[in-house]
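In what follows, a structure is listed as structure tokens, so that the remarks can point back to it.
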Amino acid sequence: MTVQFAFTPAAAYVRAARLVAADVAAHAGVATGLLDEVRQAVGEACTRAVLRHRDRGLDDLVRVEFSIGDRFVAKITDNAQDLRARPSGRIGAGVGGGAPRANDDEAIEEDTLSEEITLIVLGGLVEDLVVTGPDANGGTTVSMSWPLPGSGSAADH
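Residue numbers (numbering that gives the first Met the number 0): 0 to 156.
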């Protein structure tokens, strides 16, 4: 089963995405003790996508996909053109896209630090986290997954 939706890149819709994530995860059979983790992780990933859109002046929709198979998988995709911070904690050297802002070098450092912190938080929340991009559409995707009963994975990490 797959659930897909998209939302306008506004903070007001992040809460709705968190609620849908928790509901779909519960329906999939994710352990009750992990539902708060799912909710928080999806919220962080959606907030990251909204901020990346805002920083680049993009009105494109943030795409969300939840799938149920051997694991519960959440994918949040933005349309930003670059991947500044990487889950390993390294910061990308080149930052492209978006209109220049006042004190652009400081703004780039602040945005990169903010994105890096978000990815560190996600890494602490989710054992299975992969950030990829840019894809063919120029976006990046945060993919996270959690074990389901009978999948052979431990329910706790």
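Note that beta-carbon positions come from the ideal geometry of N, C-alpha and C, so glycine has one too.
Bridge partner(s) assigned by DSSP for residue i
i, result
"Arg-62", "Ala-5 and Thr-76"
"Asp-67", "A quick correction: the sequence has Ile, not Asp, at residue 67. Paired residues: Phe-71."
Inter-residue CB distance, residue i and residue j (contact presumed, cutoff 8 Å)
i, j, result
"Ala-79", "Arg-62", "Contact flag wrong, Cβ pair sits at about 12 Å."
"Arg-70", "Trp-145", "6 Å"
"Val-37", "Ala-20", "5 Å"
"Val-13", "Val-49", "6 Å"
"Val-141", "Ala-24", "The pair is not a contact, with the Cβ atoms about 16 Å apart (cut-off 8 Å)."
"Thr-7", "Asp-77", "Contact flag wrong, Cβ pair sits at about 13 Å."
"Val-29", "Leu-147", "7 Å"
Straight-line Cα distance separating residue j from residue i
i, j, result
"Pro-133", "Val-120", "21 Å"
"Phe-4", "Ala-15", "11 Å"
"Glu-114", "Gly-32", "27 Å"
"Val-129", "Ile-116", "15 Å"
"Leu-60", "His-26", "26 Å"
"Gln-39", "Asp-22", "13 Å"
"Gly-68", "Met-0", "7 Å"
"Val-72", "Gly-123", "17 Å"
"Asp-104", "Leu-57", "Because Asp-104 sits at a pLDDT of 46, beneath the cut-off of 50, its placement in the model cannot be relied upon, and the point is left open."
"Phe-65", "Arg-53", "24 Å"
"Leu-158", "Glu-126", "Lying outside 0 to 156, the shown extent of the chain, residue 158 is not represented and no answer is given."
"Val-41", "Gly-137", "21 Å"
The alpha helix (DSSP H) enclosing residue i, as first and last residue numbers
i, result
"Val-49", "34 to 55"
"Val-29", "Counting along the chain, Val-29 falls outside any alpha helix (DSSP H), and DSSP gives it neither H nor E."
| request: List in chain order: all unbroken beta strand (DSSP E) runs of 3+ residues lying wholly within the region 120 to 152. | output: 127 to 131 and 140 to 146
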